[in-house]
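Chemist:
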Amino acid sequence: MLIIPVKDGENIDRALKRYKRKFDRTKTMKNLRNRKQFNKPSVVKRAQNIKAQYVQRLRTAEEQG
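Positions in the sequence shown are counted from 1; adding 39 to them yields my numbering.
Quick look at the structure:
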C-alpha cells in the first residue's frame, strides 16, 4: 500500500504527481500484466536473450562511432 503524506497547504496536483511517480517506481502494473497470463520459462529466457543481444549491438555501435 502506498502512503503519500500531504503537507498543509500543498497543492493536490503535486501530491498526485508524487503518488503517480511512486506507483510507477514500484512496478505494480507491470507485475499485474505479467501475471495475467503464464509464460513458459524458455520463452522468457529467449526474450531476455533477444533483448540483451539488441542492447549489446547498440552499445558496440555507439563505441565504434
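Positions of the beta carbon are idealized from the N, C-alpha and C atoms, including for glycine.
All values reported here derive from a predicted model rather than from experimental measurement.
Rounding to the nearest angstrom, what Cα-Cα distance links THR65 and ALA54 in this structure?
Modeler: Locating residue 65 in the sequence shown gives position 26, counting from the first residue. Locating residue 54 in the sequence shown gives position 15, counting from the first residue. If I take the Cα positions, the gap works out to 17 Å.
Chemist: Counting only the same chain and skipping the five closest in sequence on each side, list residues whose C-beta sits under 8 Å from that of TYR58.
Modeler: As a working note, residue 58 is residue 19 in the sequence shown. Same-chain partners within the cutoff: LEU41, ILE43.
Chemist: I'd like the span of the alpha helix (DSSP H) that includes ASN8, first residue to last.
Modeler: Within the shown structure, residues of the chain are numbered from 40 to 104, placing residue 8 beyond reach of any answer.
Chemist: If you draw a straight line from the alpha carbon of TYR93 to that of LYS69, how long is it in whole angstroms?
Modeler: Here residue 93 corresponds to residue number 54 of the sequence shown, with the count starting at 1. Here residue 69 corresponds to residue number 30 of the sequence shown, with the count starting at 1. About 21 Å.
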